[in-house]
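Below: one structure, written as structure tokens.
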Amino acid sequence: MATNKTNLSVNKLDFDTIKENLKTYLKSQDTFKDYDFEGSAMSTLLDILAYNTHYEAFYNNMVANEMFLDSAAKRDSVVSIAKQLGYTPTSTTSARATIDISLGSTSGMDSSSIIPIGSKFTASKDGKSYNFINLSVGTIDVNSSPSVSDLQLVEGKRARFTFVYDAANSDRKFIIPDKAVDTSTLTVRIQNSSSDTTGFTDSWTLASNINDVISTSKVYFLQEEEDGKFEIYFGDGAIGQALVDGNLVVVEYIISSGSVANSIGTTDATGGRAFSYGSGNTVVVKSPASGGAERESIESIRSQAPRSYQAQDRAVTMEDYKSILVRDYPDVESVNVWGGEDNIPPEYGKVFISFKPSSGTVITENTKDSIARSITNNKSIVAITPVIADPDYIYLNINTTVSYDPDKSALSENSLKALIKNKVRDYSDNFLEKFDKGLRYSKFIKEIDDSESSIVSNDTDISMEYRLYPNIGKSSSYSVNYGNPIYHPHGGHIPVVSSSVFKYLDSTNVERDAFLDDDGLGKIRIYYSTEGVKTYTNLEAGTIDYSNGVVILNNLNVQSLISDSFLRIIVEPGSKDINSARNTVLLVDNTQSDAIIISMKAVGVADSTTSSSSSSVSTSSSSASSSSGSSSSSGSSGY
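Quick note: the sequence shown uses this note's numbering, first residue 96, plus one each step.
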């Protein structure tokens, strides 16, 4: 039988092409050259061959994909490859809160009274009850109420599991049965046997750096198994102390609810306490629950494993810091790190770290201390001090007039406005709200233009808003950094700073509804308005650096706030593009009714705008508009 191997075609692997290639091959040799390949018997055989070939090709392709971190789709495969890089995915993490307790009774208490580990505290959120426990002893101060201060609570339910080590069973695995385990709460103890408790009081530690592990180190190792559960394993006597036949392994941990318990305690107040403990006791929240997170996702493992391997658990470069922090603190949406030489003003010998948590706006003081200790201990360069900086949130207020052709749209004007507003929100969600994510004006206005085919153009103004939480009733100084230049075409230009209203005592000690503005020459002023006439009560309330975008308020004494729990300070940016540097995060507040103002203008109709959405950009803008009226110097005697 003669065959023509030059006619072999293997360039395509779909079923139909494989079958056609088989036919072509059979026609190129002598035995079946004139056979009717569409006949039922031969066609069925070719179907089987094509199916088998296609099946093998598909299977081999899938197997090949699962061998590489970039292309693997199954979690088991991604975790296995990450293990080769020395990376262990983070588990579900419990939310943590800090509280003070005032106990209702002193009966039976003395100076040795405590709240034992594992005491149960309860709280609720969205109609669901959550359990919190303390992992450290709460020492009761019987001389003060009695009370307990700064007790940290962890959300979840305590669990305990024991294993017996059998030296004859080399395949035995110590697998934690609960997928929702918070591995940061693991306590592992090894006692001699089920009847001999010797060794139970010694807690073994998780091995973090194999270079520090010797043959007698009481350490355990952790890895994620194929079904998503975690396995504990021990050393072999060379790297880490080995177990002995009959040893009892006692594992205690917290079963966590993850991120759903975050923010419990934010509404804590007298008459409505978030946490309860026993009867007759008062629990006061010092830091609301935060830090809860779900187990690490496949995409996060895919991204973090190579970075962690590159960092080798050291903090030298900025990427090293980011890799370690994202790995150890899963409740982090975005993290930024910069050297002290890049800070404003420069602070040499320091590294600055800023977190944007997934829940809330800032991390707790306890978490900050934990991060600083973690970085300092055996990770960072000696003499480099880590400093945790809270994010500076700059809220962008959008005021846009959209021109459209009503003949080209099937939507009503209100529906079109809703569509545009959703487009702006999507832009904020997708392109802002993280460190180093700036607004590019040309791309932003194109997003508005592309909202619907009837839109012809848009004229959009953007202002920057900082939300200051002042010390009510106390004279304090504040520094507000917008991270961008503030509009200032020339000295003495009309005010570009405005604010929301706040209560302020003027020079005659009369409480006024006051506002902030600038004089165009670098000074911040305080004024109140009467029938459109601005009366300045303080002409030197602070300074403004237009070039660097910094506003400093000196000895500002806010008596109270009216519309919000914060003072809104709004400025005009000096550039169409707005940047995000260091700890600045840009975002659009979807909850603020005047954050997105949309006016519609039909093409060919002069200034056809909606009545309900053509209001000012913010509450302070309306007050700022009154600045165009005449000014009075009658209040100038108080500065």
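Beta carbons: idealized from backbone N, C-alpha and C, even for Gly. All values reported here derive from a predicted model rather than from experimental measurement.
Going by DSSP, THR282 is part of the beta strand (DSSP E) stretching over 276-286. Fewer than three Cβ pairs drawn from the region 574-585 and the region 593-601 lie within less than 8 Å of each other, which leaves the two stretches out of contact. Counting every other CB atom within 10 Å of its CB across the protein chains shown gives TYR564 a total below 16, marking it as exposed. In the displayed model, GLU326 falls within a strand according to three-state DSSP. Exclusion of the five residues before and after GLY335 leaves ALA302, VAL308, SER312, VAL314 and PHE329 as the residues of its chain whose Cβ lies within less than 7 Å of its Cβ.
A straight-line Cα-Cα distance of about 55 Å links SER138 and LYS518. Each residue's CA atom was taken as its position, placing THR686 and ILE466 some 31 Å apart. Contact between ASP195 and VAL237 does not hold, since the beta-carbon distance rounds to 15 Å and is not under 8 Å. The straight-line gap separating the alpha-carbon atoms of PRO584 and GLU508 is approximately 37 Å.
Burial check for MET559: the Cβ neighbour count within 10 Å reaches 16 or more, so the residue is buried. Of the candidates GLU667, PHE269, VAL259 and THR280, the residue whose Cα lies closest to the Cα of SER289 is VAL259. The three-state reading of DSSP puts ARG607 in strand, counting E and B together. A check of alpha carbon separations from GLN247 across ILE479, ASP500, THR462 and ASP502 identifies THR462 as the nearest. Annotation: SER688 to ALA513 spans about 13 Å, alpha carbon to alpha carbon.
Of the residues assessed, MET162 falls on the exposed side of the cut-off, its CB having fewer than 16 other CB atoms within 10 angstroms. Under the criterion of beta carbons closer than 8 Å, ILE665 and GLY637 do not qualify as touching, at roughly 15 Å.
Annotation for PHE258: the continuous beta strand (DSSP E) segment containing it runs 252-259. Taking a 10 Å sphere around the C-beta of LEU648, we find 16 or more other C-beta atoms and assign the residue as buried. With respect to ALA356, ALA384 sits close: the two C-beta atoms are nearer than 8 Å. With a cutoff of 8 Å on beta-carbon distance, ILE493 and ILE557 are scored as near each other.
LEU527 and ILE639 have their C-alpha atoms spaced approximately 26 Å apart.
In the displayed model, GLU115 falls within a helix according to three-state DSSP.
Excluding residues up to 5 positions away in sequence, THR496 lie with their Cβ nearer than 6 Å to the Cβ of ASP554 in the same chain.
Contact annotation: LYS268 and GLU428 have beta-carbon atoms that are not nearer than 8 Å.
Here ILE657 carries a coil assignment [DSSP, helix/strand/coil]. In this structure, PHE227 lies away from PHE450, with their beta-carbon atoms at least 8 Å apart. Taking C-beta separations shorter than 6 Å and ignoring five residues to either side along the sequence, the partners of ALA218 in its chain run TYR225, ILE359, ALA369 and PHE370, following chain order. In this structure PRO486 is buried. Its beta-carbon is surrounded by 16 or more other beta-carbon atoms within 10 angstroms.
Residue VAL174 holds the alpha-carbon nearest to the alpha-carbon of SER398 among VAL174, ILE479, TYR146 and PHE153. The residue among THR679, ALA145 and ASP322 with its C-alpha nearest the C-alpha of LEU108 is ALA145. Looking at the backbone, the Cα of TYR561 and that of ILE692 are separated by about 18 Å. Per the C-alpha coordinates, the member of ARG390, LEU343 and THR119 positioned closest to ARG255 is LEU343.
Counting along the chain, ASP487 sits inside the beta strand (DSSP E) bounded by residues 487-499. For the 8 Å CB-CB criterion, ASN633 and ILE621 form a contact. The shortest C-alpha to C-alpha distance from GLU606 to any of ASN287, GLN654, LEU121 and ASN156 is the one to GLN654. A residue is called buried once 16 or more other Cβ atoms fall within 10 Å of its Cβ, and SER200, having fewer, is exposed.
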